[in-house]
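Note sheet for the following structure.
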Amino acid sequence: MMEPSSFPLSTSTKSPLMDAIPQAQLALIECPTGTIPILRNKRRVHMRVETIGKVISQDEHEVAGIEYFDVIYGTQAKINVYNPMVKNNSKDLSASWIQISKVQKVGVADGIGAGSWVYPSYSGNNFARFHVAWLDGLKTCPDHDCGAFVQVSSSVGLGGRFKPVSVYNGPQYVIDVVIFKDPKTKNWWVAYGPQNIHIGYWPREIFHFMKDQCNYALWGGYVQGPTASSHSPQMGSGHFASEGFGKAAFVSNIQIVDNEGKYVSPNDKQIGLVATNLSKYTAKAHGYGYSHYGVHTYYGGPGGFV
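Numbering (full-length UniProt numbering), first residue to last: 1 to 306.
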């Protein structure tokens, strides 16, 4: 199996509490050597999908989480997985997401992201599923759409359903996701799970601006679609950030990759909260100093489900 030439190096010692929250699981598929799993759905509706961030779109779009403005070469985080409510007859989606981008100006950017989507018109149901997406400055493509993502894993299917998922005021589950640049090939990789399964990469050549580095990151949630602001889906757990652990969704243990290929904590002077519609979704940030859960954010809200 093809692998990146190197993987980001950790410079810190983990606290046992970091790994205390169990993982939401994807069904691992054993495909024959040289083949990859492709999940198909006849109900799937193809539509333009903007990745999270400051990108102009005709769709309605709301964001809550923390954003970062500085040079970065990747990021890793633990994403708390819920099943937010999204109306079946809508074309809206609700995401728990991490993303890095190279922003030239508002509306002009390259970006890549990964995490959990609930997107009925795309997957055919209301389950939280694992997705990746890329934006090349002109269009955005989820998973294998557009044919640019090169999958190398024969065991992880993009669009796979997470089981189990978190329950409000009950058991909590997370996924580990890493996005990073291969320093030799300059390709941008995605890895999944505590074992850092190398899922695949986007070739450097497909990007206009992200040839070498990024200048923006966002960790949190977003909703998007024709009615995402007017008839909003839930985001995260469907509850506001102020409710905290076990009740509000979170992204934790956030680290970025520096120019030496090492994981470091984001510079707190470059981090800011973002919440574009406080009546429906909020965000709260913690852990700029030492914390068992590292730099992390709570985010989410009920949207129109009040």
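For glycine and all other residues, C-beta sits at the position ideal for the given N, C-alpha and C.
How about the region 154–166 and the region 109–129: do they share at least three Cβ pairs that are nearer than 8 Å? The region 154–166 is in contact with the region 109–129.
Residue 75 burial status per 10 Å Cβ neighbour count (16 or more: buried): Here residue 75 refers to the residue found at position 75 of the sequence shown. With 16 or more Cβ atoms within 10 Å of its Cβ, residue 75 is classed as buried.
Within 10 angstroms of the Cβ of residue 3, are there 16 or more other Cβ atoms? Answer buried if so, exposed if not. The count along the sequence shown starts at 1 and reaches residue 3 at position 3. Counting Cβ neighbours within 10 Å, residue 3 comes out exposed, since fewer than 16 surround it.
Rounded to whole angstroms, what is the Cα-Cα separation between residue 204 and residue 28? Stepping through the sequence shown from its first residue, residue 204 is reached at position 204. Stepping through the sequence shown from its first residue, residue 28 is reached at position 28. C-alpha of residue 204 to C-alpha of residue 28: approximately 28 Å in a straight line.
Along the chain, where does the beta strand (DSSP E) containing residue 142 start, and where does it finish? Translated into the one-based positions of the sequence shown, residue 142 becomes position 142. Taken as a continuous stretch (DSSP letters only), the beta strand (DSSP E) holding residue 142 covers 140–142.
For residue 298 versus residue 281, is the C-beta distance shorter than 8 Å? Taking the sequence shown and counting its residues from 1, the one referred to as residue 298 is at position 298. Taking the sequence shown and counting its residues from 1, the one referred to as residue 281 is at position 281. Result no, Cβ atoms of residue 298 and residue 281 do not sit closer than 8 Å.
When burial is assigned at 16 or more other CB atoms within 10 Å of the CB, is residue 172 buried or exposed? Taking the sequence shown and counting its residues from 1, one reaches residue 172 at position 172. It is buried - the Cβ of residue 172 has at least 16 other Cβ atoms within 10 Å.
Quick check on the DSSP output: the alpha helix (DSSP H) that includes residue 116 runs from which residue to which? In the sequence shown, counting from the first residue as 1, residue 116 sits at position 116. Residue 116 -> not in any alpha helix (DSSP H); beta strand (DSSP E) instead, spanning 108–118.
DSSP-derived helix/strand/coil call for residue 206: As a position in the sequence shown, residue 206 is number 206, starting the count at 1. Helix at residue 206.
Among 72, 80 and 183, nearest to residue 238 - alpha-carbon criterion: Taking the sequence shown and counting its residues from 1, one reaches residue 238 at position 238. Residue 80 is the option with its Cα nearest to residue 238.
Three-way DSSP call (helix, strand, coil) for residue 345 in this model: Residue coverage of the chain in this structure runs from 1 to 306, which leaves residue 345 outside it and unanswerable.
With DSSP as the reference, please indicate the residues paired to residue 273 in a beta bridge. Within the sequence shown, residue 273 is the residue found at index 273, counting from 1. By DSSP's assignment, residue 273 forms a beta bridge with 66.
Through-space distance from residue 63 to residue 307, alpha-carbon basis: The structure shown does not extend to residue 307, since the chain is modelled only from 1 to 306, so the question has no answer here.
Extent of the continuous beta strand (DSSP E) run through residue 95: In the sequence shown, the residue the question calls residue 95 occupies position 95. Element bounds for residue 95: 93–105.
Please confirm whether any heavy atom of the ligand ATP lies closer than 7 Å to the CB of residue 2. Although the ligand ATP was asked about, the structure shown includes no ligands whatsoever.
Distance between beta carbons of residue 92 and residue 225, contact taken as under 8 Å: Position 225 of the sequence shown, counted from the first residue, corresponds to residue 225. Position 92 of the sequence shown, counted from the first residue, corresponds to residue 92. The C-beta separation of residue 225 from residue 92 comes to about 3 Å, placing the pair in contact by the 8 Å criterion.
On the DSSP bridge list, what partners appear for residue 250? Within the sequence shown, numbered from 1, the residue matching residue 250 stands at position 250. In the DSSP assignment, the residues bridged to residue 250 are 298.
Quick one: grab the DSSP three-state call for residue 47. Translated into the one-based positions of the sequence shown, residue 47 becomes position 47. Interpretation of residue 47 is limited by its pLDDT of 46, a score under 50 that renders its predicted location unreliable; no figure is taken from the coordinates.
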